[in-house]
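Here the sequence shown is numbered in the working numbering, starting from 1143 and rising by one per residue.
C-beta atoms are modelled at their ideal positions from N, C-alpha and C, and glycine is treated no differently.
Since we're looking at a predicted model, the values are computed, not measured.
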Amino acid sequence: MATCPECDAEVEVDQDDVDLGDEVNCNECGQTLVISNTDPLELDFAPDDEDEEDEEEDEPEEEDEVEEDEEEEDGADWEEE
């Protein structure tokens, strides 16, 4: 048995059939948890996939904007000559 970090309820987990990183759900509060240690069995909050996707999507967009601005500046210099 392990304890939910959200509501302190006991979460039943088959200790013989879990690996680090496996996800389980708390029956009391519904929180998605991840196995963070197997001996002793410990649970932690699962990463929020939506936040990770948003961060990954934001980074390339900012880089693209910078590249477009640089291209416009280069073109403007050439036109003035």
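**OP:** Give every residue of the same chain whose Cβ lies closer than 7 Å to the Cβ of Val1160, excluding the five residues on either side of it in the sequence, and list them in chain order.
**Re:** Once the five neighbours on either side are set aside, the close Cβ partners of Val1160 are Ile1177 and Thr1180.
Original post:
Measuring CB to CB, does Leu1185 end up less than 8 Å from Cys1146?
Top reply: yes
Subject >> Residue range of the unbroken beta strand (DSSP E) whose run includes Asn1120 >> reply: Only positions 1143 to 1223 of the chain appear in this structure, which leaves residue 1120 out of reach.
**OP:** Kindly indicate which three-state DSSP category Asp1186 falls into: helix, strand or coil?
**Re:** strand
**OP:** Measuring alpha carbon to alpha carbon, tell me which of Asp1158, Ala1188, Pro1189 and Cys1168 ends up nearest Cys1149.
**Re:** Cys1168
Original post:
For Leu1162, is the classification buried or exposed, using 16 other Cβ atoms within 10 angstroms of its Cβ as the cut-off for buried?
Top reply: exposed
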